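>
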Amino acid sequence: MANNNRPSEFAVIGLGRFGSSLARTLMSRGASVLGIDRSPQIVQQMADELTQAVALDATDENALRDIGIEAFQTVIVAIGANFEASLLTTVALREIGVQNILCKAQTTRQREILLKVGATRVILPEHEAGQRLAVELMTPGMLGQLELGPGFAVMEVCTPPSVVDEPLGKSELRRRGINVLAIKRGDRVIVTPSPDTVLRSDDILVVLGKVQDIERCTRAE
Ligand code: ATP
22 MANNNRPSEF AVIGLGRFGS SLARTLMSRG ASVLGIDRSP QIVQQMADEL
72 TQAVALDATD ENALRDIGIE AFQTVIVAIG ANFEASLLTT VALREIGVQN
122 ILCKAQTTRQ REILLKVGAT RVILPEHEAG QRLAVELMTP GMLGQLELGP
172 GFAVMEVCTP PSVVDEPLGK SELRRRGINV LAIKRGDRVI VTPSPDTVLR
222 SDDILVVLGK VQDIERCTRA E
């Protein structure tokens, strides 16, 4: 296990496009990954890239117990198209006592059901990717985003033209309640900049605020 209680061992069930990409990325970041798929061909293809790969039907609780799945604190159920399999797998993991069960779903209804039967967290990759793209398209100059809760985010944006050459304290950002946490200026990072800091056109701003307000501000000319 790694420091800070961050788990470094994961089991990924379902090695389709989503599951295999997740498993590879976890491996590349230094985690150990047990990959599980009911297809022996898929397991064989992935075997060299993962810590361990096993072919089994994850809806079979005994098969999961036999490979010692209870030793994993976090298990990701990356079966999407076959909802019944995803549901039965989640129930089995819950019965076994796995602490964190992360599932992928295709609809909000599926998400509700998976949460009811014991999933800790359910993601909707297509919905979420669509939402992220929409925010990106509506926020010119947006470079990155960290969602904080409904409607709020930390974003990295190019300096909106409307605030260039203005002191931060008098800029439209402040009037809209957008907090500038840091300014990246060349190689320097100005953390919690003072209200006197004059914004430059080539600055990159790390801002915290309502997504709608940030969008409006970056769009304003
Ligand atoms: P993706 O979009 O990630 O490619 P998907 O949403 O189309 O996948 P599926 O095709 O249902 O989802 O499943 C992904 C993987 O999960 C497949 O490789 C499939 O073999 C595997 N899988 C499906 N059912 C089970 C099961 N009961 N036990 C283990 N693996 C399973």
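Residue 121 in our numbering sits at position 100 of the sequence shown, with consecutive numbering throughout.
We put the CB at the ideal spot given by N, CA and C, even for glycine.
Treat the numbers as computed from the prediction; the structure is a model and nothing was measured.
(1) Is it the case that the Cβ atoms of Phe218 and Leu189 are separated by a distance below 8 Å?
(2) Between which two residues does the alpha helix (DSSP H) harbouring Leu226 extend?
(3) Could you check what DSSP says for Gly118 in three-state terms: helix, strand or coil?
(4) Just checking Asn121 against ligand 1 - is the residue's beta carbon closer than 7 Å to any of the ligand's heavy atoms?
(5) Ordered along the chain, which non-local residues of its own chain (more than five positions away) have a Cβ less than 7 Å from that of Arg240?
(6) Is Thr46 helix, strand or coil by DSSP?
(7) Measuring CB atoms only, is the region 202 to 211 touching the region 230 to 240, in the sense that at least three cross pairs come out at less than 8 Å?
(8) Only counting the same chain, and skipping five residues up and downstream in sequence, which positions put a Cβ closer than 8 Å to that of Cys238?
(9) For Val96, which residues from the same chain have a beta carbon less than 6 Å from its beta carbon, with the 5 sequence-adjacent residues on both sides left out?
(10) Taking DSSP's pairing of strands, which residues face Ile97 in a bridge?
(11) Secondary structure at Leu220, three-state DSSP: helix, strand or coil?
(12) Taking the beta carbon of Glu236 as the centre, do at least 16 other beta carbons fall within 10 Å, making it buried, or is it exposed?
(13) Going by the beta-carbon positions, is the gap between Leu36 and Met67 smaller than 8 Å?
(14) In whole angstroms, give me the CA-to-CA distance for Gly40 and Lys137.
(15) Okay, do the region 126 to 142 and the region 70 to 86 touch, 3+ Cβ pairs below 8 Å being the bar?
(16) Three-state secondary structure (DSSP) at Ile204?
(17) Counting only runs that start and end within the region 121 to 185, where is the alpha helix (DSSP H) found for 4 or more residues in a row?
(18) Going by C-alpha distance, which of Ser215, Asp223, Thr110 and Ala126 is nearest Ile57?
(19) How many angstroms separate the CA atom of Gln65 from the CA atom of Arg59?
In this structure, then:
(1) Along the sequence shown, read from residue 1 onward, the residue named residue 218 stands at position 197. Along the sequence shown, read from residue 1 onward, the residue named residue 189 stands at position 168. Note that residue 218 is Thr in the sequence shown, not Phe. Yes, the Cβ-Cβ distance between Thr218 and Leu189 is below 8 Å.
(2) The count along the sequence shown starts at 1 and reaches residue 226 at position 205. It is not in any alpha helix (DSSP H) - Leu226 instead sits in the beta strand (DSSP E) that spans Ile225 to Lys231.
(3) Along the sequence shown, one-based indexing puts residue 118 at 97. The answer is coil: DSSP assigns Gly118 none of H, G, I, E or B.
(4) On the sequence shown, residue 121 is found 100 positions in, with the first residue counted as 1. False, no ligand heavy atom lies under 7 Å from that Cβ.
(5) Along the sequence shown, one-based indexing puts residue 240 at 219. Excluding sequence neighbours, Arg240 sits near Pro161.
(6) The residue you call residue 46 lines up with position 25 of the sequence shown. Of the three classes helix, strand and coil, the one that applies to Thr46 here is helix, per DSSP.
(7) no
(8) Taking the sequence shown and counting its residues from 1, one reaches residue 238 at position 217. Around Cys238: Pro181, Ser183, Val184, Glu193, Leu194, Arg197 and Ile199.
(9) Counting from 1 along the sequence shown, the entry for residue 96 is found at position 75. The answer, listed in chain order, is Ala32, Leu114, Val119 and Ile122.
(10) In the sequence shown, counting from the first residue as 1, residue 97 sits at position 76. Bridge partners of Ile97: Val33 and Leu123.
(11) Locating residue 220 in the sequence shown gives position 199, where the first residue counts as 1. Of the three classes helix, strand and coil, the one that applies to Leu220 here is coil, per DSSP.
(12) Within the sequence shown, numbered from 1, the residue matching residue 236 stands at position 215. Label assigned to Glu236: buried.
(13) By one-based count along the sequence shown, residue 36 stands at place 15. By one-based count along the sequence shown, residue 67 stands at place 46. Yes, the Cβ-Cβ distance between Leu36 and Met67 is below 8 Å.
(14) Taking the sequence shown and counting its residues from 1, one reaches residue 40 at position 19. Taking the sequence shown and counting its residues from 1, one reaches residue 137 at position 116. Answer to the nearest angstrom: the Cα atoms are 23 Å apart.
(15) no
(16) Your numbering for residue 204 matches position 183 in the sequence shown. Three-state DSSP puts Ile204 in a strand.
(17) 129 to 137 and 146 to 159
(18) Residue mapping note: residue 57 aligns to position 36 of the sequence shown, counting from 1. Nearest C-alpha to Ile57: Thr110.
(19) The residue you call residue 65 lines up with position 44 of the sequence shown. The residue you call residue 59 lines up with position 38 of the sequence shown. Roughly 11 Å between the two C-alpha positions.
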